[in-house]
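Worksheet: the structure to be examined is printed underneath.
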Amino acid sequence: MAIIDVLFVLDLCSNFLFGYVVFNRATATVEIVSRPDLIVKRYLRNWFPLELLSLGPIATLAHGGPLWVQWLELLKILRLQRLLRVQARERQRANESNSAPRRSMVADKMYGILKLLALFLVYSHICGCVYWFIGRIQDTSNSRPSWLANELEGDACDLNSHHYVASLYWAMTTALTIGYGDVVPSTTLERIFVCAMMLTSSVLYASIFGQVTTLVHSIDHIQMRYRMHLQQYNEFSQTYKLPVALRSRIYSLIHYKWQLTRGFETESVMNTLPSGLRRDVQLFLLSSCMSTFPLFVGTPANFVAAVVEMFRADLVGSCEFVFTADEPGKHLFVIHTGLVEVITVEGISVGKLGRKQYFGEIAILVDVRRTSSVRTLSRCHFYKLAKTDFDEVLEAYPELKVRVYVYICISHLHM
């Protein structure tokens, strides 16, 4: 008995030991059944007869036996139902899972292509094995020798590996509609099988490789979106005859934005989320800053959540001014990624700020001009809060206005 037969026997026996899951419609809950009698009854009623036949108990004794006994070896094809059941469970588990995809979109497409190619290899393997089986069991006294006899004629090699490679080669060339003609059916039985295989292969070939073409095109579609997006700015630059240096800054920002977002608009995605979920996402992104911001320390959680919901994402390229001294202040900035430097009116760099730090907070409290400039030292991803949005939230919490005025006085004392 082969190793694979032993594994199938062990698997068949293990099915009498493991419980199963059922959905209770009365209570709308999922229950695990572990009673041995129920497990045995369910397995005997469902999959046991088919899996018992797939073991082919007589097939082990079929080698060298009568022709009708050798045909029983084909019962092993029924083992494929195990593969189909595993695939169905995997698909069901993926549909019911609440977790986020672990692979990127490109990796997911590549995984899909590999699965389709593996499916084609399995199909070719099965057809090749059946073709070899037909060639082996045919009566040698037949006036027409089988394809296997013709293949081995004048060849001293009689190894099963040689037979398998030849049959797999024939199956793949036939399924791919190539058909070199060096391995051909010669008996009536072989030709009947080849006719059936060509019919199924035409459908499977169109289905599998049609999906592969779609997947490959979808991978290229990602780059196509980037090129189309870049082409818009390229036409804009050519239309208004922008200088090369300015174009370079635009293209650098577009490339950074694409690397960060892959073409999707952050605000569009956030706006599709319910307000509660959107607020939780914003709180996660800005929690470290909100916990250290003196203005928000000790304030009600609802107030902090309402303020956080007003933040908007902003991307700035390297060596760009976020704002300059003496311009009206309108936003508070929180650094998500990147590094900036603070420059005085005299042009002296007085400090650097990095991830999870903030600047420009006075602008959302009072109408004043900027007292210094801020320039990026790398490509930066900010979250910014407009003064108008903050004032809107503050109107709903009038008791916190005094706290804001105290914070303004303390800030001016330290300036």
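Take 181 as the starting number for the sequence shown in this note's numbering and just add one per residue.
Each residue gets a CB set at the ideal place from its N, CA and C atoms; glycine is no exception.
- Taking all protein chains shown into account, Met470 has 16 or more neighbouring C-beta atoms within 10 Å of its C-beta and is therefore buried.
- As computed with DSSP, Lys564 is found in a beta bridge with Arg492 and Phe513.
- Secondary structure note for Thr441: its alpha helix (DSSP H) is the uninterrupted segment Val424 to Thr441.
- Looking at the backbone, the Cα of Thr353 and that of Phe389 are separated by about 15 Å.
- Boundaries of the alpha helix (DSSP H) harbouring Lys221: Pro216 to Arg225, taken from the DSSP string.
- Val514 sits close to Phe562, with the two beta carbons spaced by under 8 Å.
- Scanning its chain for C-beta atoms nearer than 7 Å, with the 5 sequence neighbours on each side dropped, one finds around Arg324 the residues Ser366 and Thr367, in chain order.
- Taking C-beta atoms under 8 Å as the contact rule, Leu565 and Phe476 fail to qualify, at a distance of about 11 Å.
- Between Val392 and Leu301, the gap from beta carbon to beta carbon reaches 8 Å or more.
- In this structure Gly527 is exposed. Its beta-carbon is surrounded by fewer than 16 other beta-carbon atoms within 10 angstroms.
- Take the alpha-carbon of Val383 and the one of Ala355: they are about 10 Å apart.
- Here Leu533 is bridged, per DSSP, to Val520.
- Under DSSP, Arg555 forms a beta bridge with Phe501 and Glu521.
- Listed in chain order, the non-local C-beta contacts of Thr357 below 8 Å within the same chain comprise Ser381, Ser382 and Tyr385, local neighbours out to five positions each way being set aside.
- When secondary structure is reduced to three states using DSSP, Arg549 falls in the strand class.
- Taking the CA atoms as reference points, Thr504 sits about 17 Å from Leu495.
- His516 is classed as buried because its beta carbon has at least 16 other beta carbons within 10 Å across all chains shown.
- By the C-beta criterion, the stretch 563 to 582 is judged to be in contact with the stretch 473 to 488, since at least 3 inter-stretch pairs fall below 8 Å.
- Remark: C-beta atoms of Met377 and Cys307 approach each other more closely than 8 Å.
- A direct Cα-to-Cα measurement between Val522 and Arg550 gives close to 11 Å.
- Following the DSSP letters along the chain, one finds Asn204 inside the beta strand (DSSP E) bounded by residues Tyr200 to Asn204.
- As DSSP reads the structure, Glu211 sits in a beta bridge with Val202.
- For a cut-off of 8 Å, the C-beta gap from His511 to Gly540 is around 6 Å, short enough to register as a contact.
- One thing to note: Glu500 has its Cβ no nearer than 8 Å to the Cβ of Thr446.
- In the structure shown, Pro229 adopts helical secondary structure according to DSSP, grouped into three states.
- Rounded to whole angstroms, the separation of the alpha carbons of Pro216 and Leu192 is 15 Å.
- Between Ile212 and Val201, the C-beta spacing is below 8 Å.
- One alpha carbon belongs to Leu580, the other to Leu440, and they sit about 37 Å apart.
- Counting along the chain, no alpha helix (DSSP H) covers Asn195, and no H or E run does either.
- In this structure Trp438 is in contact with Tyr406, their Cβ atoms being roughly 5 Å apart against a cut-off of 8 Å.
- In the displayed model, Phe539 falls within a strand according to three-state DSSP.
- Taking His435 as reference, the option from Leu410, Tyr420 and Met404 with the minimal CA-CA separation is Leu410.
- By the criterion of a C-beta distance shorter than 6 Å, Cys560 is surrounded in its chain by Val496 and Gly518, once the five residues flanking it on both sides are discounted.
- Residue pairing by DSSP puts Pro508 in a beta bridge opposite Arg549.
- Take the alpha-carbon of Thr472 and the one of Lys536: they are about 10 Å apart.
- In this structure, the CA atom of Lys567 is about 11 Å from the CA atom of Val548.
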